[in-house]
Every structure is written in structure tokens, then in C-alpha cells.
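Sequence order for the protein chains is A and B.
Residue numbering for the first sequence follows my numbering, beginning at 1 and increasing consecutively.
Residue numbering for the second sequence follows my numbering, beginning at 305 and increasing consecutively.
Don't be surprised by glycine CBs; every beta carbon is placed ideally from N, CA and C.
Protein chains: 2
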Amino acid sequence: MEAFDLYILGCGSALPTSLHFPTSQVLNVREKLFMIDCGEGAQLQFRKAKLKFSRLNTIFISHFHGDHFFGLFGLVSSLGLLGRTADLHIYMPLGMEEHMKNAMDAFCFGLPFEIAYHSVDPTKMDVVYEDRTMTVETIPLKHRIPCCGYLFREKPGLRHIVRDMCDAYNVPLSMYGRLKNGEDFVTDDGEVVPNSRLTGPAAPVRSYAYCSDTTYLHENVSQLKGVDLLFHEATFGNDAVKRARETYHTTAAEAATMARDAQVKKLMIGHYSARYTDVRVLLDEAKEVFPNTVLANEGLVYRI
Amino acid sequence: MEAFDLYILGCGSALPTSLHFPTSQVLNVREKLFMIDCGEGAQLQFRKAKLKFSRLNTIFISHFHGDHFFGLFGLVSSLGLLGRTADLHIYMPLGMEEHMKNAMDAFCFGLPFEIAYHSVDPTKMDVVYEDRTMTVETIPLKHRIPCCGYLFREKPGLRHIVRDMCDAYNVPLSMYGRLKNGEDFVTDDGEVVPNSRLTGPAAPVRSYAYCSDTTYLHENVSQLKGVDLLFHEATFGNDAVKRARETYHTTAAEAATMARDAQVKKLMIGHYSARYTDVRVLLDEAKEVFPNTVLANEGLVYRI
């Protein structure tokens with residue numbers, strides 16, 4: 001199966017700790033790398049994960065709190081020093097394009113490549129990126145400033161040829177493309193061989209949803225329905241429900257409620273408040289609601 | 305002896321490696337913390353070194369290449385989240401104040417403290433900071449963009465009271481301040497007791513010079529004369545003299561030549577190019593010229 005792997009570069013929150021980097025992730029979809037948020041130090045963690053800068057063309061920013069984008073300047077500078085020429089695409093909530101351009105012009109001047117900024121409307125669900133194999137939709141979130149998550153979905157693939165059966169019916173190679181697309185085969189004698197005898201089902205489509213930062217938003221259940229992996233922020237535990245409300249963050253139990261109600265296959269929690277030196281308390285609280293929960297951690301690679 | 309300690313937070317150069325953070329240092333002068341350059345991740349390293357954010361009031365930036373200042377945004381944001389109210393002073397080469405203000409306004413809005421920007425002329429030697437115990441002078445450097453180093457010098461301290469001798473001459477406590485300043489003591493009988501009998505010499509003044517990034521500049525020898533510790537960039541080794549020239553950097557042997565000719569007490573080299581996975585080759589080349597050389601490394605604390 002081709003890669004659909006999530007790399008956790010950082011899963012802390014705004015205040016630095018000696019345990020966590022601020023938020024950044026990379027999704028490897030068939031060797032194309034998509035960065036999701038780019039907190040300070042993301043490029044260092046990217047390098048540590050032995051990922052290839054040349055395979056990174058697209059970055060999705062959830063919102064403009066520093067712990068989610070201050071790594072952009074260093075990353076962009078380094079891409080310039082590495083001699084990159086391909087465009088770099090940055091998706092981000094509306095309203096900050098001018099500021100980003102000004103800062104990049106002042107601090108990363110003379111880049112040998114172009115940055116294409118794509119402003120997205122964080123208040124609505126929308127397909128903002130599409131390529132041959134995948135789409136990315138915005139997930140409306142509710143934080144102290146405009147913010148959205150991103151949902152990565154593979155497109156349905158082609159059916160797999162069952163070689164032995166095709167040989168038995170003398171199917172010419174030139175027909176394989178049509179078989180993969182579901183056509184039946186008609187023999188020289190006029191016999192119709194149903195597609196299901198000659199092909200197997202396509203690989204299941206995989207999906208990954210990223211939700212950070214946000215207050216608990218029950219209405220997102222329908223969009224997140226059945227995703228393979230949901231990353232949901234769980235900044236706080238049950239000890240700090242009030243603080244979670246005040247700061248527009250989610251508790252571990254709420255993240256798990258979302259996972260349960262959306263019937264996702266697995267939940268990963270992260271964006272831990274600096275107050276938790278041992279985040280297993282957050283895991284325990286989440287597992288009470290949704291047992292199939294794991295903790296994000298720097299260096300973790302999760303194959304979806 | 306009161307602290308005059310150098311903390312290395314990062315000693316890599318522009319390209320990220322899995323070995324080094326970009327440049328940042330902290331000088332602890334009697335529990336006041338002075339940051340020198342602030343590469344990406346400086347706040348994370350600051351926290352790891354268990355330094356106190358509340359004791360940091362002054363930052364000196366050598367130049368505006370990203371590996372020397374991209375950590376400022378995250379650090380400033382965190383100081384805001386920590387509820388800082390005291391002014392933060394940032395010294396930096398002329399010409400970037402407007403850009404820095406714009407970026408801080410856009411990305412670190414709503415700070416509960418003021419940032420005071422102090423633009424310095426990087427082309428001349430000048431005392432740009434002074435307090436009760438210390439001065440900081442600019443060191444003109446020559447890089448691809450305006451750049452200066454900084455020289456931290458303690459002011460001469462007071463002489464130490466020799467308690468036993470003072471007691472023997474019945475010197476009243478009220479005289480101690482004047483003795484510390486070098487006055488002689490006159491007994492009730494009119495006998496003049498020379499100050500040198502009642503006091504010992506003041507602690508020697510300590511000094512630290514930071515030179516990064518720069519091509520080798522022999523004319524700086526006189527300003528650096530006799531400093532206790534010289535940090536000098538040594539981005540390259542003898543294998544890359546041409547590259548050092550082209551990029552306005554220094555080789556390890558050149559840094560050592562500076563240390564030798566300026567008769568400094570100790571040399572620390574750093575700002576290693578990403579090409580060196582083992583920097584002992586740089587140390588060896590420096591030691592051939594100036595044996596009392598050490599390598600900078602993340603986590604190192606050097607008591608001057």
C-alpha cells in the first residue's frame with residue numbers, strides 16, 4: 001500500500017516546554033509531503049524525521065497564532081538556501097496574506113522560488129485543494145481568531161486486475177485500463193465476462209482529519225464521519241474545563257466524544273497545555289469515552 | 305564570584321541539521337540575562353537550560369539573517385502569554401526597525417509589554433548599553449548584510465574589605481564604603497593607614513566578545529585585546545577557504561588567528577556549517593594556531 005503516513009513534528013501548545021515543540025505535522029501521501037501547521041522549529045523536526053524538503057510543496061496553516069506558523073520563516077529561508085525553484089503553496093485563513101507577504105519580503109528576500117498564497121474561508125466547509133489522488137477540505141473551527149482544520153481524503157482508486165482470470169479469458173493488455181474502471185469484458189465468442197470476475201476491489205480510500213485549535217464543536221460530527229484518523233486538539237483535561245471554555249480549546253474527553261460520535265477509526269490527541277508534564281491523564285480521560293485513542297508525540301509516525 | 309556565565313542555546317548556521325539549533329546565546333551577568341542573537345527555537349532552548357524568562361530584559365541581534373533572529377517572534381509571544389509587563393529591549397543594526405515593528409504588530413498583537421527597539425550603527429565601535437556593572441560595545445563586522453558583534457565588559461568593581469585588618473585598626477563600619485573606593489583611613493591618633501592594608505583588590509573585570517557572522521577582520525584585534533572569552537564564528541574549515549570568502553564567513557584557523565593576535569584568554573568557536581557532521585576537524589585546525597580553544601555546543605554553560 002502506498003504511503004498515507006502522518007509525522008508528528010510538534011504537538012505542544014503556545015508556551016514552550018522542554019517536552020514538546022509547537023504544532024506541526026507532515027502527511028506523506030504517496031511520497032508527496034503536505035505540512036499542516038508550522039510552529040517554531042518545524043524545519044528542525046522535519047530534518048530530524050529524515051523527510052525530504054524537495055517533496056514538500058504544500059503547507060496548510062490553521063490559524064495565525066504563533067505556535068502554528070512561526071516556523072514558516074525559517075523553513076522558507078532554508079528552502080531558498082537549498083536552491084529550491086518550484087513554487088511553494090501556502091493555504092491559510094483569509095486576511096493575513098498582506099502581512100505574510102510583507103514579512104517574507106523583509107525577512108526572506110531574494111528567494112529563488114515563488115510563494116503562492118491561497119486564502120481560504122475558515123467559516124465554511126470547502127474543497128480547497130485537489131490533485132489526481134486526493135482532495136483537501138476545510139473544517140470550520142471556532143477559536144479566538146479565524147481558524148480551520150483540514151480533511152485529507154484519497155479519491156477512490158482503480159479496481160485491481162486479477163491477472164490469472166484475465167489470462168484465462170485471454171483478455172488483451174489493452175483492455176486493462178477499461179477493466180480497472182469497471183467495464184465488463186466481451187470475448188470473441190460474444191460471452192460477457194462480468195468485471196467482478198476479472199478484477200478485485202480498489203484499495204479503500206483513506207482519510208485524515210486535523211482539528212486544532214478549537215472549542216468543542218458538535219456540528220462537525222457529520223463532516224468527520226468515519227475518517228480513518230482524527231487528530232483533535234486536547235489542550236486541557238477535566239481539571240480545566242473552565243479554562244478550556246475561556247480560551248476556546250477542547251478537553252480530552254470532548255475530543256473523544258467527537259471521535260465516538262463521528263465513528264472515526266482512531267483518535268489522536270495533542271496540543272497539550274504546558275501545565276501537563278505527564279499527558280497520560282489526558283489519554284485516560286479520552287479513553288473512557290473512546291478507547292481507540294493514542295497520544296501524539298514528537299517523532300511519532302502513524303501509518304493510516 | 306558572581307555569575308558571568310555564557311549559555312549556548314544554538315551554534316549551528318543557516319541550514320538546519322539534526323545536530324544543532326541556529327544561533328542563540330545567553331550571557332548571565334549577576335542574574336541579569338542578556339540574549340545574543342535569537343535563532344529559531346531559542347525560546348525552547350532557553351526553557352531547556354532552565355533559565356528564567358523574567359530575568360531576560362535585553363536582546364542583542366547581530367544581523368538580520370534568519371538563523372540569527374527568527375526565534376524573536378516566538379519568544380516575544382511567549383513573554384506575552386507569561387504576562388510580562390516590563391519593557392523588552394532589542395538592540396539591532398540600523399534599518400530594520402520598521403519591518404520588525406510591522407511584523408510584531410501583525411503577528412504578536414496585544415502584548416502586555418512594550419518593545420523598545422534600539423538601532424545601532426554596525427559600522428562603528430560604540431558603547432550602546434550601560435548599566436551599573438557593565439557596558440556593551442558594538443564590534444564592527446563584515447558580512448553580506450550589515451552586521452556587528454557585541455563586547456560585554458564588567459566595570460571595575462569595588463575593593464574588598466579585609467575585615468581582620470579593619471577590626472585591628474577599629475575602622476568604623478560607616479567608613480567601609482569609602483575604603484572600597486580606595487580611600488586611606490586616618491585613626492583618631494592621626495595615623496594614616498594606607499588603603500592597601502585594609503582592602504584587597506577588586507575582583508578582576510571580566511569580558512566576553514561575540515563575533516558572528518563575519519569575514520576575518522584583522523583590524524578587530526585591538527578591540528578584542530585580552531578579553532576573557534572570545535566567541536568567534538568558524539563556519540568553515542581549511543577545506544572550504546574559498547567558500548568562506550564567497551559567503552563572508554571565517555575559517556576555524558582564522559578565528560584562532562584572531563584569538564592569538566588579540567591575546568584573548570580563551571576562544572570558543574561555533575556557527576558550524578551543516579557540511580561538518582563532526583566538528584572536531586574545526587577544533588583541530590583552530591588549536592594548531594591557538595591551543596586554548598573549545599567548541600560551542602547546545603547546552604554548554606561556560607563560566608567566565
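For T437(B), no alpha helix (DSSP H) run applies, since DSSP gives it neither H nor E. Look at F73(A): its C-beta is under 8 Å from a C-beta on chain B.
Put simply, the CB of E344(B) is near chain A, with a gap under 8 Å to one of its CB atoms.
When beta bridges are read from the DSSP output, K266(A) appears opposite L229(A).
Judged by DSSP in its simplified three-state form, D341(B) adopts strand. L229(A) sits away from K287(A), with the two beta carbons spaced by 8 Å or more.
F290(A) carries a coil assignment under DSSP once its states are collapsed to helix, strand and coil. Taking each of F411(B), T555(B), E401(B), S511(B) in turn and checking the Cα distance to Y606(B), the smallest one comes out for S511(B).
Beta-bridge analysis with DSSP links D309(B) to N332(B), R607(B).
Annotated three-state conformation of N485(B) is coil, per DSSP. As computed with DSSP, A209(A) is found in a beta bridge with L151(A), L230(A). Contact annotation: D341(B) and F373(B) have beta-carbon atoms nearer than 8 Å. Taking each of E306(B), E335(B), M339(B), S322(B) in turn and checking the Cα distance to Y514(B), the smallest one comes out for M339(B). The alpha-carbon of T135(A) is positioned some 6 Å away from that of Y129(A). Residues of the region 315–339 of chain B that bring their beta carbon within less than 8 Å of a beta carbon in chain A comprise A318, L319, P320, T321, S322, F325, P326, in sequence order. Secondary structure note for A420(B): its beta strand (DSSP E) is the uninterrupted segment 419–424.
Listed in chain order, the non-local C-beta contacts of P450(B) below 6 Å within the same chain comprise P397, P426, local neighbours out to five positions each way being set aside.
Per the coordinates, the alpha-carbon of D184(A) lies some 19 Å from the alpha-carbon of P156(A).
Considering only beta carbons, the part of the region 384–406 of chain B lying closer than 8 Å to chain A consists of L385, L386, M400, H403, N406, in chain order.
From the beta-carbon of A410(B), the residues of chain A found nearer than 9 Å are F64, M96, E98, H99, M100, N102, A103. In this structure, Q43(A) lies away from F21(A), with their beta-carbon atoms at least 8 Å apart. When secondary structure is reduced to three states using DSSP, M396(B) falls in the strand class. Scanning chain A for C-beta atoms nearer than 7 Å to the C-beta of R351(B) yields P16, T17, S18, reported in chain order.
G66(A) and E31(A) have their C-alpha atoms some 28 Å from each other. Nearest Cα to D493(B) within the set R457(B), Y473(B), L587(B): Y473(B). Counting only residues of its own chain and dropping the five nearest sequence neighbours on each side, Y311(B) has a CB closer than 6 Å to the CB of V330, A353, V605. Put simply, the backbone Cα of L483(B) is about 52 Å away from that of G541(B). Rounded to the nearest angstrom, the gap between the Cα atoms of V585(B) and Y520(B) is 19 Å. For L141(A), there is no enclosing beta strand (DSSP E), as DSSP marks it with neither H nor E. Below 8 Å, enough C-beta pairs join the region 442–449 of chain B and the region 412–430 of chain B to call them touching: three or more. Residue environment for E254(A): buried (at least 16 other C-beta atoms within 10 angstroms of its C-beta).
In this structure, K529(B) is the residue among L587(B), R549(B), V496(B), K529(B) with its C-alpha nearest to the C-alpha of R564(B).
P595(B) and C452(B) have their C-alpha atoms some 26 Å from each other. Within chain B, no residue has its CB atom less than 7 Å from the CB of S273(A), the nearest being about 11 Å off. Shown here for F535(B): same chain residues with a beta carbon closer than 6 Å to its own, the five before and five after excluded, namely Y514, M572 in chain order. Separation of S119(A) and H99(A) (C-alpha to C-alpha, rounded to the nearest whole angstrom) is 12 Å.
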